Amino acid sequence: MKQAVELTMAVEGRMTNITSIAAAFFEACEAGKGWEGCRAYCLPNATFAAQSEPLAEIRTLQAYTEWMKGLLSFMPDGRYEVKSFATDAERNSVCAYGVFSATHTGEGGPCPPTGKSTNTDYVYVMEFDGDKIRHMTKIWNSGWALRELGWA
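First residue of the sequence shown? That's 616 in this note's numbering, and the numbers climb one at a time after it.
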């Protein structure tokens, strides 16, 4: 019985730890802090994947965090609402589901400012190696967001 309790406490401790690390990374990334603000939560060679056209060439988490930083430079009202945040201790991963909202008002991006807005759903699946993110997959229907923004 004592071993079972100790194991449960160890798993819960690991879950709490990666959950808090994932939350801190998520907040820094979504606030446009770039790699400088996100690197403490990630392995230096953390990888990235997404089946979304704007992100098709991005392969590292460092590049993705810089992409988010750039995005917020021409969509300065960018913000997110967390809808769900869950930790899978067995797979050592955390999933964050949010809705990103922003209006293209600044110079930059794929075209001059459109003044159009998007509210777009997305999910981050963050896989951990110990207490650092080793890989993140973004699940996002970019086509919908691009049409809402007048970019497609």
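We treat Cβ as the ideally placed atom computed from N, Cα and C, and that holds for glycine.
Here the structure is a predicted model, which is why all the values come from computation and not from measurement.
- Message: In whole angstroms, give me the CA-to-CA distance for Y633 and P659.
- Response: The residue you asked about is not Tyr; residue 633 is Ile in the sequence shown. Near 17 Å, if we compare the C-alpha coordinates of P659 and I633.
- Apply the 10 Å Cβ neighbour rule to V697 and answer buried if 16 or more other Cβ atoms are within range, or exposed otherwise. exposed
- Item | Test item: CB-CB of G713 and Y737 under 9 Å | yes
- Query: Just the Cα atoms here: how many angstroms apart are G685 and G652?
  - Reply: 14 Å
- In this structure, what does DSSP give as the bridge partners for D703? S708
- Short Cβ contact (9 Å threshold) for F663 with L676: yes
- Contact check, E742 vs S699, beta carbons under 9 Å: no
- Message: Which same chain residues end up closer than 7 Å to G721 when comparing Cβ atoms and leaving out the 5 residues on each side of it in sequence?
- Response: S688, F689, M690, P691 and P728
- Task: Between the Cα of G693 and those of H750, S757, T735 and M751, spot the shortest distance and give me the residue it belongs to.
- Result: T735
- Item | Neighbourhood of V620 by C-beta distance below 7 Å, restricted to the same chain and skipping five residues each side | With a pLDDT of only 36 at V620, under 50, the local geometry of the prediction cannot be trusted, and the value read off the model is given with reservation. Nothing listed; no residue qualifies.
- In angstroms with no decimal places, state the Cα-to-Cα distance between L761 and I636. 30 Å
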